[in-house]
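Undergrad: Order-wise, the sequence lines are chains A and B. Each step along the first sequence adds one to the number in the numbering used here, with nothing skipped, and position 89 is 101. Each step along the second sequence adds one to the number in the numbering used here, with nothing skipped, and position 176 is 188. Below is one structure. I have some questions about it.
There are 2 protein chains.
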Amino acid sequence: MAKCIRCGKPASVHLEGLHFCSDCFKIHVEKEFEEGIEGHAVGSRLVNAQEKVLVAVSGGKDSMVLWYLMHKHNFNIIPVHLNLHYGFFSEKSLEVVKAFSEKIGQEVRIFSVKDDFGIDMEGVFKKAKNRPRCGVCGTIKRYLINKIALDLKVDAIATGHNLDDGASNIFKAILNWDFETLSRNSPLSPPYKDKLVKRIKPLYRLSDAELKAYADMMQIDYTSEVCPYKIGSVTLSKSKEVLNEINEEFRGIKRTFYYGYLRNRDIFKKEEAELKECKICGMPTSSEDGICSFCKLTKDIENEKEI
Amino acid sequence: MAKCIRCGKPASVHLEGLHFCSDCFKIHVEKEFEEGIEGHAVGSRLVNAQEKVLVAVSGGKDSMVLWYLMHKHNFNIIPVHLNLHYGFFSEKSLEVVKAFSEKIGQEVRIFSVKDDFGIDMEGVFKKAKNRPRCGVCGTIKRYLINKIALDLKVDAIATGHNLDDGASNIFKAILNWDFETLSRNSPLSPPYKDKLVKRIKPLYRLSDAELKAYADMMQIDYTSEVCPYKIGSVTLSKSKEVLNEINEEFRGIKRTFYYGYLRNRDIFKKEEAELKECKICGMPTSSEDGICSFCKLTKDIENEKEI
């Protein structure tokens, strides 16, 4: 029987060739979270205890663990859930988030894309039918969460992006020499003037598998429902799969690759594109026509062909 | 039935989702070879018609096709075969090379590591038992071929390294952020003073599969024997396999990745290590103790631990 690599007791968690007993696995996950907050391999700390942080909670395992860990470590957080109204998927998400809020006694702020921002996601998808839906939804979520963060006057937005998200994104980008992604992907995106709030990804050192095991072990509720709009937008999932297969072949290469990227990402920096203010909403945009991608998607504007 | 992408006739060659009739496949291979000579994506031409080129021919499919194509395109070449004395493997290689020489009526210069250079490969492997044998053999072959090239007063050494060799090497290097490899790998290595002859890899745009299909179609003899010392040195083959699997998943990504690397490889350049002259043989070396890797392997020197 495999023994825990930390204490030598019988192991109960087996991941990527490493074995832990459940006590040591908890210590391991918290240590990686703390090293994430400290910004190991990133070069600077993601967030300080004094800062006020909006935690974006979708109800999935990653954001629920993030909420739990930020709460447990006494960060000054405001959990925020954005209801997308994707039928049963969104109902389930809302339910999980509300239940966890009650369980730990911390209020969660619920916003609705429809009721609070007047956006009909179904309509947006129809209008932007040639664009991958995950990308469209991502643009809208990022924009609205930033807007909420500005209103709430927080110092940072924390999201549940994990090691597999970061590594597979960079893996795909490097296969295609996509300098746009390679120059800008980081667990720490600095703020821009008084328009864009700092964004951080404290779970960038923890894998899908580690977060799932931890959530189950700590009995943190989460929804495993797959978004009904995800079908047909599977490219990133595919590169996650491929990278995990390589990681089976060359044990540990996923971390070596991603942390190596984080340490060396400056080599991909090109001259910063000059940002303008969006003609419609005033937010920063690098778009040539001066209209930001959010307004292109949601406002009834002429240049639909460019979408 | 699949049709040739060039002429629309029934296709007989099917590679990476592309279909060719045999005539158009020959044109395709020669075009890639010519674009290789012109240095597409590399940034400068590999070799001119006036230059004298040593072609290193092992007897495998890649070097035999290289010999054939360089001969067919009237380059000023000297085919050179280095006998390593690896038993049946080497006997078979020698036989193939001699037969092809007779067939096309072009002399091949045969050298023996043992008789011409006094090196017993078996003894070297025993001495350097902690180093991968392919690496040890590669160091010795590169050194001796360069020595032969200097004696023959050629302008360049051409080797049969193909797209899979280059792409998998860079793929492995980028997963590990191995800047040493990333900064120096190219189909064109410039000469260094009067010590290192220019090295070129004209087949860097043609895959394993393309070269095999072409050799078979043109009835170019080659040996498919696997080197008896290859066992246990399979890391690069493994990364070739993995990259080909990814190429099945994301069609064409192997070329996109490798050509993208070639166009952007300057970002990996670090300050050049200062080269010294080897204390034993006088060849350039970046080694701290001033003894080149060839002399460390083959001369009976003290610091065996460093090997």
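Think of the CB as a built atom: it goes at the ideal place given N, C-alpha and C, for glycine as much as any other residue. Being a predicted model, the structure only gives us computed values, none of them experimental.
Helix, strand or coil for R121/A per DSSP?
TA: Reduced to three states, the DSSP call for R121/A is strand.
Undergrad: By Cβ distance, which residues of its chain are closer than 8 Å to V238/A, with the 5 residues on each side in sequence left out?
TA: Closer than 8 Å at Cβ, skipping near neighbours: F101.
Undergrad: Looking only at its own chain, which residues have a Cβ that is under 7 Å from the Cβ of K224/A, when we skip the five neighbours before and after it?
TA: Only K73 meet the Cβ criterion.
Undergrad: State the beta-bridge partners of A168/A as determined by DSSP.
TA: Answer is V65/A and K210/A, bridged to A168/A.
Undergrad: Got a sec? Which residues, its chain only, sit under 7 Å from G302/B by beta carbon, not counting five neighbours each side?
TA: Correct list, in chain order: K288, C290 and K291.
Undergrad: Using the beta-carbon of each residue, which ones in chain B are nearer than 9 Å to I279/A?
TA: I279 and F280, listed in chain order.
Undergrad: Could you check where the beta strand (DSSP E) with H31/A kicks off and where it finishes?
TA: Start and end: L30 to F32.
Undergrad: Just the Cα atoms here: how many angstroms apart are C307/A and A170/A?
TA: Whole-angstrom Cα-Cα distance: 24 Å.
Undergrad: What residue does the beta strand (DSSP E) around N95/B start on, and which one ends it?
TA: First-last of the beta strand (DSSP E) with N95/B: N88 to N95.
Undergrad: Would you identify the three-state DSSP class for E134/B, choosing helix, strand or coil?
TA: Here E134/B sits in helix by DSSP.
Undergrad: Should G99/B and T235/B be called a contact, given that it needs their Cβ atoms to be closer than 8 Å?
TA: Not a contact, by the Cβ cut-off of 8 Å.
Undergrad: For a cutoff of 8 Å on Cβ pairs, would you count K250/A as touching chain B?
TA: Interface residue, yes.
Undergrad: Closest to V54/B by C-alpha separation, out of R196/B, W189/B, P22/B and S249/B, would be which residue?
TA: Closest by alpha carbon: R196/B.
Undergrad: By the three-class DSSP mapping on this structure, what secondary structure does S102/A have?
TA: S102/A: helix per DSSP, three-state reduction.
Undergrad: If the cut is a Cβ gap below 9 Å, which residues of chain A does V254/B touch?
TA: Correct list: V254, E257, I258, E261 and F262.
Undergrad: On a CA-only basis, which of E46/B, S124/B, V109/B and G294/B is nearest Q118/B? Give me that one, please.
TA: Residue V109/B is the option with its Cα nearest to Q118/B.
Undergrad: So F337/A contacts chain B; which residues on that side make the cut at Cβ distance below 7 Å?
TA: No information on residue 337/A is available, as it lies outside the stretch 13 to 319 that chain A covers here.
Undergrad: Quick one, which of R263/B, T151/B and P214/B has its alpha-carbon nearest E47/B's?
TA: Checking every option, the nearest Cα to that of E47/B belongs to P214/B.
Undergrad: Go ahead and pull the three-state DSSP assignment for K282/B.
TA: In the structure shown, K282/B sits in coil (DSSP, three-state: anything other than H, G, I, E or B).
Undergrad: List, in order along the chain, the chain A residues whose C-beta lies closer than 7 Å to that of T193/B?
TA: Going along chain A, no residue has its Cβ under 7 Å from T193/B, so there is no contact; the nearest lies around 13 Å.
Undergrad: To be precise: take each residue of the segment 159-178 of chain B, compare its Cβ to all Cβ atoms of chain A, and keep it if any distance is under 9 Å. Which residues remain?
TA: Under the 9 Å Cβ criterion, the segment 159-178 of chain B contributes no residue.
Undergrad: Is there contact between the segment 186-193 of chain B and the segment 129-142 of chain B, where contact requires at least three CB pairs shorter than 8 Å?
TA: Touching, no, given that fewer than three Cβ pairs across the two stretches are closer than 8 Å.
Undergrad: Could you confirm whether any beta carbon from chain B is found closer than 8 Å to the beta carbon of G55/A?
TA: So, not an interface residue.
Undergrad: On the DSSP letters alone, give me the boundaries of the alpha helix (DSSP H) that H85/B sits inside.
TA: Where H85/B is concerned, there is no enclosing alpha helix (DSSP H), given that its DSSP letter is neither H nor E.
Undergrad: Of the choices S298/A, H93/A and S180/A, whose alpha-carbon is the least far from that of A111/A?
TA: Comparing Cα-Cα distances from A111/A to each of S298/A, H93/A and S180/A, the minimum goes to H93/A.
Undergrad: Report the residue from Y80/A, L81/A and M76/A whose alpha carbon sits nearest the alpha carbon of S105/A.
TA: S105/A has its Cα closest to that of M76/A, out of Y80/A, L81/A and M76/A.
Undergrad: Between the Cα of R267/A and those of S219/A, A140/A and E253/A, spot the shortest distance and give me the residue it belongs to.
TA: Ranking the options by Cα distance to R267/A, first place goes to S219/A.
Undergrad: Output, in chain order, the set of chain A residues within a Cβ distance shorter than 7 Å of W189/B.
TA: The contacting residues are G272 and N276.
Undergrad: Just tell me which of V69/B, E63/B, T297/B and D177/B has its CA closest to the CA of N86/B.
TA: The candidate whose alpha carbon is nearest that of N86/B is E63/B.
Undergrad: Between S124/B and N95/B, what straight-line distance do the alpha-carbon atoms span, to the nearest angstrom?
TA: The straight-line gap from Cα to Cα measures roughly 5 Å.
Undergrad: In the DSSP assignment, the beta strand (DSSP E) including V148/B goes from what residue to what residue?
TA: Element bounds for V148/B: not the beta strand (DSSP E) but the alpha helix (DSSP H), R145 to D163.
Undergrad: For E318/B, count the other beta carbons within 10 Å of its own beta carbon; 16 or more makes it buried, fewer makes it exposed. Which is it?
TA: The predicted model places E318/B with a pLDDT of 45, which falls under 50 and marks its position as unreliable; any figure quoted below should be read in that light. Looking at its Cβ environment, which holds fewer than 16 other Cβ atoms inside 10 Å, E318/B is exposed.
Undergrad: Given S305/A, which residues of its chain have a CB within under 6 Å of its CB, disregarding the five upstream and five downstream residues?
TA: Closer than 6 Å at the Cβ level, and outside the excluded window around S305/A, lie T151.
Undergrad: Measure from the C-beta of F45/A to each C-beta in chain B and report whether the shortest distance is under 8 Å.
TA: It does not; no Cβ of chain B falls within 8 Å.
Undergrad: Look at the Cβ atom of I49/A, then the Cβ atom of V65/A, and state whether they are nearer than 8 Å.
TA: No; because the gap between Cβ atoms is not below 8 Å, this pair is not in contact.
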